[in-house]
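Below: the structure, in structure tokens.
Chains as they are written, first to last, in our numbering: chain A, 1 to 409; chain B, 1001 to 1409.
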């Protein structure tokens, strides 16, 4: 691996985004389409010569330094980008909150009294603060879409399976996707052009607003969604209609996602958890305990539903329709919010994010500032493999609307 | 995309492996670990400037030239390898036989009166004939493991999700994996070292022979499996035990795989099939019709079983155990075999290959010549993400046993 690692970051981590063992720089391997850009990687991504921490000190202690870069890190270094170290993730990526008990809660510079969201919390904080141009994350249940919405960043979930998971600590392989976040729309798209292929770019036919997902979000999302609808129909000539994701309540979607992913995560990590006996934050420990207790019957029933729901939303989209939905159920949560509040918001957020999750589909967050001054995102959801076309449409829409990071904010 | 394409192959396609629209060469982008090596890509992989055919002329006619390389093609060109065009695949990869009605059955040079196996038929033929050093394939239900076994090649299935599917025509995304085949063991491993990461390499604890899978294979596999067992225990000090994959009959595994993958494939391709109305070979057309008729109830039941079977085989393997099984149920099938014979062998082969398929696990084929003079492979199956370690162990075992492509054959 031809990489030169220095011992430090060339800037101060003013937002508490980096893990202590992740304060280093790796030069690009060659000139390329991302020359001049810098990025950070969520501490699930292997970087040769460095240990991967996955948000938990016991994981860090029980794993040797990586002997090779993860596939995406290698690809980005090969495309000319400079890596500035590794950022905080919620423990084993098993939270969307963004407050790691071991490494802290990175600062949300757009809303300093609020969390960044997780699990790509450090990546979001680093990109939002402008310390790097973009940052690698992962999204299993919402772990990039949610911090993107909370921090006012361009972010996404990619089509499941499309980007390599090679050299990345898994959470639930059935749902894990590789992602990135960026403050600037053009940088966000440029990374997409490097990682994604546009050979199967659809000609968009129309759009559908997912009414059930919209109903889960706080009212301040409504005018933002209306602006996106208006732009799609008037500027892009896409007819917009309104329909639910399916004939099934989104609470059932959420339960289905939670059951299947928790069971899968437990299968993935139970050997390490039961042998290494790591300490987890209470909420995350509770999730592992619940995961360990899911019966085979319960997960079987949930997988049946998953199949049905996946087919339904894919049928809604076909090959050239997009869907519009809020990226989260609320703006960023206040730091120090009580557990019950966090749990309630987590539930309504998962009712929204589980649509793309269960369907394995790509979703792009367009970052706005809501009427209360806080970041809030609107998402476009697209057919499998349409990721780059979806990014391009989202950025074009964002530019018409002066969304964050479009050169006007 | 910095690629220079010439108009022709620099050699004669003596084995009928290339598609007519795939006779071109793309130079490497830079020097790298694969400099000096040549490869071909199954015609599911996008190559910039060329149309992807997916084994069906109507697919070719209804798709524009790719504007970018698929992720793996780009990675290999970046690692110094030279691409020599695109090879025949069974239609939409929906067969493991290797006889495409539109493009023919490539020649199996080790057994000229027999098929190569499919769906990576052209890739197998090209690698076996020595026309390229290695060839990209895909494996959904066995489409690389089977031609590897039939043609005497090193081949594999990778952990599901590990390698990027970017720019590759899907069959069933729930099971599709990206793969390669090579005649030479060192080349096979070198490609793995380029595409895969060894940071999580297990220390192998022991091995288990999957007795139910062995029972599906013709008796000529038994002495080959015994040689692998003997080498693992005496040369690698790995205790070897015997157990079935699970407490469920492999016929149930096969039905579960077929039901879930067929439903998924139909969801993936029904829009194109119903609008473009392509002509398929009778067996493949029958498969699409059956796929279209799978009820939601049937696939729900199958996904329940899939979950249970996946957990069972992952429990058997844990994090550092390997399993031993035949790579196929028979040597390569005679050209012109009747449909009933092909179907029966297909069924017993799927009873074997569905173990790794349903579990999403990596499997490496070690190529041997059986007592009747025909190629027949023995596989090692490993835990999720152990791909490179599994390749290294398989190659080390193969070298002890003078397997094909180990410098002694």
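Beta carbons are placed, not taken as given, at the ideal position from N, Cα and C, and that holds for glycine. Since the model is a prediction, treat every value here as computed from it, not as a measurement.
The alpha helix (DSSP H) that contains residue i, what's its start and end?
| i | result |
| --- | --- |
| residue 1179/B | Where residue 1179/B is concerned, there is no enclosing alpha helix (DSSP H), although the beta strand (DSSP E) it sits in stretches over 1177-1182. |
| residue 1388/B | 1387-1400 |
| residue 1223/B | 1221-1234 |
| residue 1302/B | 1296-1317 |
| residue 292/A | 282-292 |
| residue 1256/B | 1250-1276 |
Report the three-state DSSP secondary structure of residue i (helix, strand or coil).
| i | result |
| --- | --- |
| residue 1059/B | helix |
| residue 1363/B | strand |
| residue 1242/B | strand |
| residue 1020/B | helix |
| residue 1001/B | Caution is warranted here: a pLDDT of 40 is assigned to residue 1001/B, below 50, making its placement in the model unreliable, and the coordinate value is therefore given only provisionally. Looking at residue 1001/B - three-state DSSP - the assignment turns out to be coil, as it is neither helix nor strand. |
| residue 1201/B | coil |
| residue 237/A | coil |
| residue 26/A | strand |
| residue 1038/B | strand |
| residue 1012/B | coil |
| residue 409/A | Confidence in residue 409/A is poor, its pLDDT being 43 and thus under 50, which makes the residue's placement unreliable; the coordinate value appears in the next sentence. Coil at residue 409/A, not helix or strand. |
| residue 91/A | helix |
| residue 1403/B | coil |
| residue 1213/B | helix |
In terms of residues, what are the limits of the beta strand (DSSP E) holding residue i?
| i | result |
| --- | --- |
| residue 348/A | Note, residue 348/A: premise wrong, no beta strand (DSSP E); alpha helix (DSSP H) at 339-359. |
| residue 1087/B | 1082-1087 |
| residue 1321/B | 1321-1326 |
| residue 206/A | 206-210 |
| residue 72/A | Counting along the chain, residue 72/A falls outside any beta strand (DSSP E), though it belongs to the alpha helix (DSSP H) covering 71-78. |
| residue 1378/B | 1375-1381 |
So residue i packs on residue j, CB below 8 Å; how close in whole Å?
| i | j | result |
| --- | --- | --- |
| residue 272/A | residue 291/A | Actually they are not in contact, since the Cβ atoms of residue 272/A and residue 291/A sit about 13 Å apart, beyond 8 Å. |
| residue 1214/B | residue 1229/B | With 8 Å as the limit, residue 1214/B and residue 1229/B do not qualify as a contact, their Cβ atoms being about 11 Å apart. |
| residue 1171/B | residue 1134/B | Not a contact, Cβ separation roughly 21 Å. |
| residue 183/A | residue 405/A | 5 Å |
| residue 1383/B | residue 1313/B | Contact doesn't hold; Cβ gap of about 10 Å is too wide. |
| residue 362/A | residue 393/A | The pair is not a contact, with the Cβ atoms about 11 Å apart (cut-off 8 Å). |
| residue 1110/B | residue 1335/B | In fact, because the Cβ distance is near 14 Å, the residues do not count as touching under 8 Å. |
| residue 1256/B | residue 1174/B | Not a contact, Cβ separation roughly 12 Å. |
| residue 107/A | residue 125/A | 6 Å |
| residue 1381/B | residue 1331/B | 20 Å between Cβ atoms; not a contact. |
| residue 1287/B | residue 1207/B | At roughly 35 Å, the Cβ-Cβ gap does not stay under 8 Å, so residue 1287/B and residue 1207/B are not in contact. |
| residue 61/A | residue 52/A | That belief does not hold up - the Cβ atoms of residue 61/A and residue 52/A are roughly 12 Å apart, past 8 Å. |
| residue 284/A | residue 259/A | At roughly 17 Å, the Cβ-Cβ gap does not stay under 8 Å, so residue 284/A and residue 259/A are not in contact. |
| residue 1122/B | residue 1017/B | 4 Å |
| residue 1014/B | residue 1279/B | About 28 Å separates the two Cβ atoms, so there is no contact after all. |
| residue 196/A | residue 387/A | 5 Å |
Please list the segments of the alpha helix (DSSP H) lying wholly inside the stretch 110-191 of chain A, counting only runs of 4 or more residues, in order along the chain.
-> For the stretch 110-191 of chain A, the continuous alpha helix (DSSP H) assignments of 4+ residues that do not extend past its boundaries occur at 121-128 and 145-151, in sequence order.
Segment contact flag, the stretch 1299-1318 of chain B with the stretch 296-312 of chain A, C-beta cutoff 8 Å, min 3 pairs = Touching, per the Cβ criterion.
Are three or more beta carbon pairs between the stretch 23-40 of chain A and the stretch 72-85 of chain A nearer than 8 Å?
-> yes
At a cut of 8 Å, does the stretch 353-369 of chain A reach the stretch 137-152 of chain A through at least three beta carbon pairs?
-> By the C-beta criterion, the stretch 353-369 of chain A is judged to be in contact with the stretch 137-152 of chain A, since at least 3 inter-stretch pairs fall below 8 Å.
Is the number of C-beta pairs between the stretch 1122-1142 of chain B and the stretch 1085-1093 of chain B that are closer than 8 Å three or more?
-> yes
Would you check if the stretch 232-245 of chain A and the stretch 336-344 of chain A touch, i.e. whether three or more CB-CB distances between them fall below 8 Å?
-> no
Sufficient close CB pairs (3 or more, under 8 Å) joining the stretch 1161-1175 of chain B to the stretch 158-172 of chain A | yes
With a cut-off of 8 Å, do at least 3 Cβ pairs link the stretch 1347-1363 of chain B to the stretch 1206-1222 of chain B?
-> yes
Are the stretch 91-100 of chain A and the stretch 23-33 of chain A touching, with three or more C-beta to C-beta distances below 8 Å?
-> no
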